[in-house]
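Presented below is the structure to which this report refers.
Number of protein chains: 2
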Amino acid sequence: MTQPLAGYIILDLTHVLAGPFCTMTLLDLGARVIKVEKPGSGDDTRAFPPFKDGKSAYFAALNHGKASIALDLKKEEDCKTFEALLTRVDVIVENFRPGVMDKLGYGWDDLHAAFPKLIYGSVSGFGHTGPDARKPAYDMVVQARGGVMSITGEKGRDPVRVGASIGDIVAGMFLAQGILAALVDRERGAKGRKVDVSMLDSQLAILEHAVAITTVTGKPPGPSGARHPSITPFETFHASDGLFVIAAGNDKLFEKLCITLDLPISDDARFASNAARCDNARLLKRLIEAVTLEHTRAHWIAKLSAAGVPTGPIQTVAEALKDPQILARNMVVDVLDKNGRAAFKAAGNPIKLSDMTDPTTRRPAPDLDGSRGEILRWLENGRT
Amino acid sequence: MTQPLAGYIILDLTHVLAGPFCTMTLLDLGARVIKVEKPGSGDDTRAFPPFKDGKSAYFAALNHGKASIALDLKKEEDCKTFEALLTRVDVIVENFRPGVMDKLGYGWDDLHAAFPKLIYGSVSGFGHTGPDARKPAYDMVVQARGGVMSITGEKGRDPVRVGASIGDIVAGMFLAQGILAALVDRERGAKGRKVDVSMLDSQLAILEHAVAITTVTGKPPGPSGARHPSITPFETFHASDGLFVIAAGNDKLFEKLCITLDLPISDDARFASNAARCDNARLLKRLIEAVTLEHTRAHWIAKLSAAGVPTGPIQTVAEALKDPQILARNMVVDVLDKNGRAAFKAAGNPIKLSDMTDPTTRRPAPDLDGSRGEILRWLENGRT
Chain A
23 MTQPLAGYII LDLTHVLAGP FCTMTLLDLG ARVIKVEKPG SGDDTRAFPP
73 FKDGKSAYFA ALNHGKASIA LDLKKEEDCK TFEALLTRVD VIVENFRPGV
123 MDKLGYGWDD LHAAFPKLIY GSVSGFGHTG PDARKPAYDM VVQARGGVMS
173 ITGEKGRDPV RVGASIGDIV AGMFLAQGIL AALVDRERGA KGRKVDVSML
223 DSQLAILEHA VAITTVTGKP PGPSGARHPS ITPFETFHAS DGLFVIAAGN
273 DKLFEKLCIT LDLPISDDAR FASNAARCDN ARLLKRLIEA VTLEHTRAHW
323 IAKLSAAGVP TGPIQTVAEA LKDPQILARN MVVDVLDKNG RAAFKAAGNP
373 IKLSDMTDPT TRRPAPDLDG SRGEILRWLE NGRT
Chain B
23 MTQPLAGYII LDLTHVLAGP FCTMTLLDLG ARVIKVEKPG SGDDTRAFPP
73 FKDGKSAYFA ALNHGKASIA LDLKKEEDCK TFEALLTRVD VIVENFRPGV
123 MDKLGYGWDD LHAAFPKLIY GSVSGFGHTG PDARKPAYDM VVQARGGVMS
173 ITGEKGRDPV RVGASIGDIV AGMFLAQGIL AALVDRERGA KGRKVDVSML
223 DSQLAILEHA VAITTVTGKP PGPSGARHPS ITPFETFHAS DGLFVIAAGN
273 DKLFEKLCIT LDLPISDDAR FASNAARCDN ARLLKRLIEA VTLEHTRAHW
323 IAKLSAAGVP TGPIQTVAEA LKDPQILARN MVVDVLDKNG RAAFKAAGNP
373 IKLSDMTDPT TRRPAPDLDG SRGEILRWLE NGRT
């Protein structure tokens with residue numbers, strides 16, 4: 023039972039979300055992560071609520087199991103330690119504003135010349151090229167500018183942000199993928215590469231149907247409310263006691279849905295194909311709700327599930343965290359404190375691999391500079 | 023200039039979104055992808071609007087550059103072809119309902135025994151284990167059940183879906199990451215692994231602050247509207263002519279914001295830390311808007327940008343596709359038709375790598391079974 027990334031070491035200069043999320047997912051696959059933080063306050067998210075016993079649950083969820091050393095890369099002594107670390111690691115990851123690493127003398131060109139096998143991962147608001155490369159960004163700026171907000175929300179009302187910070191998270195995921203692709207190739211003999219991921223680019227990359235609709239029809243889609251704009255029926259419906267989801271993504275599922283609802287319309291020309299159903303989505307919604315309003319959500323979810331039609335409740339996060347399927351998949355784990363007690367809950371690792379254990383706990387998140395002694399000893403004494 | 027995954031071959035049995043998105047991102051990094059489709063109609067998304075010259079722009083955006091062969095895995099002749107393909111590929115990816123591949127005799131156990139180096143990637147609604155493993159799901163079902171919908175939308179109103187299908191896309195991205203981690207390890211001598219990714223698990227994995235808030239406070243957050251619940255100010259603000267975003271993620275940025283707005287409140291105890299600003303978010307929003315309402319969005323975006331405060335417009339997808347920064351990053355590419363003409367626009371590759379070209383066009387999406395002759399010749403004559 024081995025983790026696929028066991029033995030790899032990542033020097034992690036990132037803070038807040040995109041970078042730490044990236045290195046967390048690599049750590050969950052076996053990599054060792056050494057977090058380099060700014061002296062004094064460290065990663066901004068150490069100050070993000072909510073807190074428990076004075077510690078940020080937000081920070082703990084993203085940084086469990088990482089080592090921490092505080093280094094000021096403008097001080098000679100700290101640079102020496104940093105450079106010693108560079109000789110030992112496989113990957114360096116940073117999410118500074120473009121140009122910051124170059125100014126410190128640790129940009130890609132310098133590092134690649136000195137450490138040709140080193141992989142250099144960078145995530146920034148707008149990437150290392152282009153007119154806005156040096157502008158700062160946070161999640162909401164790229165959700166807004168990249169177009170995702172414009173398709174999220176209710177028709178005719180102001181756009182809303184996606185409740186999860188996908189501006190950061192998706193960029194962190196693309197960075198992880200780029201780092202791993204470079205690592206695959208390095209194992210075949212290639213040199214290290216620079217991976218340059220932009221949060222704004224990453225929003226573009228997930229727009230899906232919206233790019234097709236905009237470029238083919240010339241009209242950008244508006245907020246999609248609670249339905250998919252290219253698949254019908256694929257939305258929320260009212261039952262007698264509230265909303266639930268039906269997602270009948272193809273003709274066969276639509277037929278099953280019609281049979282289950284005792285609604286003989288699957289041969290009707292207006293609903294005979296997905297394209298036709300999209301054209302008549304409003305009418306179809308009313309026909310379906312005229313049936314679903316007669317019973318509860320639980321009634322319909324059970325009945326449609328049994329018939330093989332994709333359906334489900336809209337759950338709060340509290341409900342999701344108690345969902346039997348989610349618990350059966352070990353998707354809610356305990357982050358331990360230094361005494362081995364469960365201190366925080368966090369999301370588990372969604373990448374389930376054969377021949378790898380999927381632990382139910384996570385090692386503690388580090389105190390700021392909490393691994394200094396251990397790291398310095400390791401640098402002196404060779405590989406641990 | 024080489025692509026890091028050049029030389030790897032993926033046998034891709036996936037359809038719709040999560041799987042095809044995964045293999046598209048691996049193709050963009052150099053892998054060759056052979057798409058196995060069901061005879062007759064092929065991938066469901068071939069029928070998804072919008073269409074241009076009778077072809078789905080949606081399908082083209084996800085399947086450009088892939089080869090296509092139609093195989094019925096219940097027919098002996100087609101199974102022979104399929105098994106010949108299995109001897110040649112590095113990775114197989116499928117997104118059938120759990121159990122389907124086993125019934126066909128091509129489940130993980132069978133394939134791992136016959137092809138120990140083969141990596142087996144699977145993405146499904148709920149994963150291959152747990153009580154709901156065999157239930158079908160689509161994007162909206164997992165957005166709803168996984169909790170993301172409950173935190174997306176306006177306060178006090180019904181939840182909305184995320185306009186992009188992140189239920190599928192995020193799962194496809196975790197699958198790509200798992201496959202690459204297994205590939206890294208295989209290059210070091212390990213056997214192939216099974217990667218089992220669930221769309222529902224993947225939603226849990228991106229909930230971010232919502233897990234921390236729910237488990238620490240006991241109260242799940244509701245729809246976040248247009249602001250981040252753990253960072254303040256980090257939301258949309260009204261200017262004289264509409265909405266724009268300000269995201270001041272730390273004390274330094276908040277101070278810069280206050281100076282730029284000529285609003286001397288950064289030393290006020292109610293706003294002196296992020297935690298305090300979160301507690302007084304409503305008041306702070308009003309103080310800021312009392313200033314921003316006096317000028318246009320463009321005025322404030324220019325002024326705040328110059329001061330280094332993260333800010334930006336809310337763009338439609340049409341505006342995003344013309345954004346100079348996005349174009350400078352080659353994030354809008356042309357998918358060619360068989361005659362080499364630009365047929366569709368699609369999102370580019372957000373993973374920018376050194377030593378790899380970033381082409382401005384993509385090869386055509388395949389016709390159903392359009393690569394049969396070429397694939398059969400390749401199987402007969404050895405590696406191309």
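Going line by line, the protein sequences match chains A and B.
Just so we're aligned: the first sequence equals residues 23 to 406 in this note's numbering.
Just so we're aligned: the second sequence equals residues 23 to 406 in this note's numbering.
Don't be surprised by glycine CBs; every beta carbon is placed ideally from N, CA and C.
When the Cα of residue i is compared with those of the options, which residue comes out closest?
i, options, result
"R110 of chain A", "A:L84, A:R68, A:G29", "A:G29"
"P158 of chain A", "B:T333, B:A365, B:K96", "B:T333"
"F148 of chain A", "A:S224, A:A387, A:L283, A:T47", "A:S224"
"T338 of chain A", "B:Y80, B:F70, B:G211, B:P243", "B:P243"
"I32 of chain B", "B:K102, B:A89, B:R179", "B:A89"
"G169 of chain B", "B:D154, B:G152, B:L126, B:A232", "B:A232"
"S220 of chain B", "B:G264, B:T151, B:S172", "B:T151"
"I235 of chain B", "A:F81, A:K241, A:G64", "A:F81"
"A303 of chain B", "B:E257, B:C101, B:F266", "B:E257"
"W130 of chain A", "A:R299, A:G330, A:G214", "A:G214"
"H94 of chain A", "A:L305, A:H317, A:S63, A:T239", "His is not the amino acid found at residue 94 of chain A; the sequence shown has Asp there. Cα-wise, what sits closest to D94 of chain A is A:S63."
"G247 of chain A", "A:R399, A:V267, A:V163", "A:V267"
"G178 of chain A", "A:P245, A:A342, A:L197, A:N361", "A:P245"
"D359 of chain A", "A:D75, A:W322, A:K241", "A:D75"
Residues of chain B with CB closer than 7 Å to the CB of residue i, please, in chain order.
i, result
"P72 of chain A", "A234, I235, V238, T239"
"L51 of chain A", "A203"
"T333 of chain A", "V163"
"S295 of chain A", "A69"
"L222 of chain A", "Q347, I348"
Could you tell me the distance, in whole angstroms, from the CA atom of residue i to the CA atom of residue j?
i, j, result
"Y142 of chain A", "F118 of chain A", "13 Å"
"C44 of chain A", "G194 of chain A", "5 Å"
"A324 of chain A", "R385 of chain A", "39 Å"
"T67 of chain B", "P286 of chain A", "25 Å"
"A320 of chain A", "A297 of chain A", "30 Å"
"D356 of chain B", "S144 of chain B", "29 Å"
"T406 of chain A", "E396 of chain A", "Low confidence applies here, because T406 of chain A scores a pLDDT of 49, under 50, leaving its location unreliable and the question unanswered by this model."
"A328 of chain B", "D154 of chain A", "11 Å"
"D207 of chain B", "D345 of chain A", "33 Å"
"C101 of chain A", "H86 of chain B", "46 Å"
"N272 of chain A", "A340 of chain B", "28 Å"
"S172 of chain A", "R183 of chain B", "12 Å"
"P181 of chain B", "H250 of chain A", "14 Å"
"P255 of chain B", "D380 of chain A", "38 Å"
"P388 of chain A", "S295 of chain A", "55 Å"
"V113 of chain A", "L84 of chain B", "30 Å"
"K216 of chain B", "R351 of chain A", "15 Å"
"S376 of chain B", "A106 of chain A", "25 Å"
"A365 of chain B", "R299 of chain A", "26 Å"
"K139 of chain A", "A212 of chain A", "8 Å"
"Q199 of chain B", "L48 of chain A", "9 Å"
Can you name the residues of chain E whose CB is closer than 8 Å to the CB of residue i?
i, result
"C300 of chain B", "The displayed structure is made up of protein chains A and B, and chain E is not among them."
Any heavy atom of the ligand HEM closer than 7 Å to the Cβ of residue i?
i, result
"R299 of chain A", "With respect to the ligand HEM, the structure offers nothing, as it holds no ligand at all."
List the residues of chain B whose Cβ lies closer than 9 Å to the Cβ of residue i, in chain order.
i, result
"K216 of chain A", "K374, L375, S376, D377"
"E257 of chain A", "M162, R183"
Could you tell me how far apart the beta carbons of residue i and residue j are, in whole angstroms, since I believe they sit closer than 8 Å?
i, j, result
"A53 of chain B", "P26 of chain A", "That belief does not hold up - the Cβ atoms of A53 of chain B and P26 of chain A are roughly 18 Å apart, past 8 Å."
"I191 of chain B", "L39 of chain B", "7 Å"
"I336 of chain A", "L265 of chain A", "6 Å"
"F276 of chain B", "I253 of chain A", "With 8 Å as the limit, F276 of chain B and I253 of chain A do not qualify as a contact, their Cβ atoms being about 42 Å apart."
"L35 of chain B", "E116 of chain B", "4 Å"
"E316 of chain A", "S262 of chain A", "7 Å"
Can you list the residues of chain B that residue i reaches, using a CB-CB cut of under 8 Å?
i, result
"H86 of chain A", "Per Cβ cutoff of 8 Å: no residues; H86 of chain A is ~12 Å from chain B at best."
"V219 of chain A", "P372, I373, K374"
Name the chain A residues that come within less than 7 Å of residue i, Cβ to Cβ?
i, result
"Y80 of chain B", "H231, A234, S252"
Residues from the region 350-370 of chain A in contact with chain B, defined by Cβ distance under 8 Å
A350, R351, M353, V354, F366, K367, A368, A369, G370
Name, going along the chain, the residues of the region 157-174 of chain B whose beta-carbon falls closer than 9 Å to a beta-carbon of chain A.
K157, P158, A159, Y160, D161, M162, V163, V164, Q165, A166, R167, G168, G169, V170, M171, S172, I173, T174
Listed from N- to C-terminal order along the chain, which residues in the region 179-199 of chain A have their beta-carbon within a distance smaller than 9 Å of any beta-carbon of chain B?
R179, D180, P181, V182, R183, V184, G185, A186, S187, I188, D190, I191, V192, A193, M195, F196, L197, A198, Q199
Residues in the region 134-150 of chain B with C-beta within 9 Å of chain A's C-beta atoms, listed in sequence order?
The residues in question are H134, Y142, G147, F148, G149, H150.
Contact set between the region 373-389 of chain A and chain B, restricted to residues whose Cβ is under 7 Å from the partner
I373, K374, L375, S376, D377
Near-chain A residues of the region 263-274 of chain B (beta-carbon distance less than 9 Å), N- to C-terminal order
Against chain A - using a Cβ distance shorter than 9 Å - the residues of the region 263-274 of chain B are L265, F266, V267, I268, A269, A270, G271, N272, D273.
Taking any Cβ of chain B, which residues in the region 102-120 of chain A have a Cβ under 8 Å from it, in chain order?
none
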